[in-house]
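Counting in this note's numbering, the sequence shown runs from 90 upward without gaps.
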Amino acid sequence: MDDLKQHLTAEELATAAEQLHKSMPLSEAIQAHLNGCADCKYELMMVLGLSDFEVAPRQIKFWQSRKWMAVAAFALVLLAVGIYWVLLPPQDFPQKQLTQITNVTADTAALVKDSDTEEIKKTPVEQPEKVVLAQASFTPNKDLEQLVTRYQSQLRSAVSNPVLIADSGDGFHFSWEATGVFIFEVFDNEGVLLSSEETSKQSADFQPESPGLYYFKLISEDFDLLWCGKFEVR
């Protein structure tokens, strides 16, 4: 190189790249030029990245085309941008979003604290299926409703007074004034027989297992229907 103020030639750059690749020291002139010329130093870095040294000694395949130099430079720029974004510190949340997250965390902590110090009583939310079934258990039975209407108008003379119903807390108690042997039956709102009891005590008891609409019949020992009534369990 005649004048170090001029840029290094392609051959000089290739030679310098080979020396660096083999961990050999550069000449003082080349080293001094690289220290003062950023352009040549950059091109040397490009040569180091693009050269193939897996050939016979001093036979270096160097891409001299400025076109490929430009492509390589663009690739390095993209790589540098990628490294920049990877190393970039995490961005802070917007103040509004950060405030919202903080509030949610504080509310959650307060709820946990309250649950540890006092019992939170809440009305259990029933599933839709359970609600439908509960409502269905109070649906009137058409046939039994007709019997209730007919026999509460004292269709049978054996029972002159209505059957009295009393809720004892443990179940329902039924009583009547007529004497004799009777059959006392209880049905659900679907007409299913739940209880049948023969008694001469002028009373009977029934313990319901679930809420709903129930019907009862008072039948004589000759199997004549004397009375039909209904009651609800809530």
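Idealized CB from N, CA, C, for every residue including glycine.
Check, Outcome
"Just to confirm my understanding: we take Y304, look at its own chain, exclude 5 residues before and 5 after, and list those with CB closer than 6 Å. What are they?", "L233, F276, K319"
"State buried or exposed for H110, treating a residue as buried only when at least 16 other CB atoms are found within 10 Å of its CB.", "exposed"
"Alpha carbon to alpha carbon, how far is E101 from E117? Give it in angstroms, no decimals.", "13 Å"
"Kindly provide the ranges of any beta strand (DSSP E) runs that are 3 or more residues long and lie completely inside the region 267-305, ordered along the chain.", "271-277, 282-288, 292-295"
"Report the three-state DSSP secondary structure of D128 (helix, strand or coil).", "helix"
"To the nearest angstrom, report how far apart A293 and S264 are at their CA atoms.", "7 Å"
"Give me the Cα-Cα distance between H122 and E107, rounded to the nearest whole angstrom.", "17 Å"
"Answer with buried or exposed for K290, where buried requires no fewer than 16 other C-beta atoms within 10 angstroms of its C-beta.", "exposed"
"Excluding five sequence neighbours on each side, which residues of the same chain lie with their C-beta closer than 8 Å to the C-beta of L314?", "L236, Y240, R245, K306, L307, I308"
"Would the beta-carbon of P297 fall within 7 Å of that of V322?", "yes"
"Grouping DSSP H, G and I as helix and E and B as strand, with all else coil, what is T191?", "Reliability of the predicted coordinates at T191 is poor, the pLDDT of 43 falling under 50, and no value is obtained from them."
"For the beta strand (DSSP E) holding H110, just list the boundary residues, first then last.", "Not the beta strand (DSSP E): H110 falls in the alpha helix (DSSP H), residues 99-110."
"Rounded to a whole number of angstroms, what is the C-alpha to C-alpha distance between E266 and F312?", "18 Å"
"Hey, out of F261, A99, E279, whose CA is closest to P229's CA?", "E279"
"Pull up the DSSP beta-bridge partners for W316, would you.", "L307"
"Let me confirm a value: E132 is counted as buried when at least 16 other C-beta atoms fall within 10 Å, else exposed. Which label applies?", "buried"
"Rounded to the nearest angstrom, what separates E286 and I272 at their Cα positions?", "6 Å"
"Tell me whether E310 is buried or exposed, calling it buried when 16 or more other Cβ atoms sit within 10 Å of its Cβ.", "exposed"
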